[in-house]
Amino acid sequence: MMMSVMMSMMVAMVVTVMVTVVMMVSMMMTVMVVMTMMVMMPMVMMVMMSMMVVVSVVMMVSMMMAMVMMVAMMMTMMMAVVMMMSCFYII
481 MMMSVMMSMM
491 VAMVVTVMVT
501 VVMMVSMMMT
511 VMVVMTMMVM
521 MPMVMMVMMS
531 MMVVVSVVMM
541 VSMMMAMVMM
551 VAMMMTMMMA
561 VVMMMSCFYI
571 I
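According to this note's numbering, the sequence shown is numbered sequentially starting from 481.
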């Protein structure tokens, strides 16, 4: 039973790491886009607008993914707690 609890904890840790990585990647993408905008400022504004739209969409998707990951983490934690409770009850 303890093995299952450990597994759930490991899964939660992995999920947290994944979320952090996704957040970092999204931040890097936004920074890169902003830098390109600064460089291309004299150029077409339409391109900038489209870039902004794409970035906003990407950010929204990443946020949704992060929310889903958080929910999954909470579920895993709850499962671990339930497992512990069941262990105690069995004992």
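For glycine and all other residues, C-beta sits at the position ideal for the given N, C-alpha and C.
Quick one, are the C-beta atoms of residue i and residue j less than 8 Å apart?
i: Val-505; j: Met-531; result: no
i: Met-557; j: Ser-484; result: no
i: Ala-560; j: Met-489; result: yes
i: Thr-510; j: Val-551; result: no
Could you round the C-beta distance between residue i and residue j to whole angstroms and report it? I think they count as a contact, below 8 Å.
i: Val-491; j: Met-549; result: Rounded, the Cβ-Cβ distance is 11 Å, inconsistent with contact.
Work out the CA separation of residue j and residue i for me, nearest whole Å.
i: Ser-542; j: Met-503; result: 7 Å
i: Met-553; j: Val-495; result: 7 Å
i: Met-540; j: Met-529; result: 16 Å
i: Met-486; j: Val-533; result: 42 Å
i: Thr-516; j: Met-507; result: 14 Å
i: Ser-566; j: Val-537; result: 43 Å
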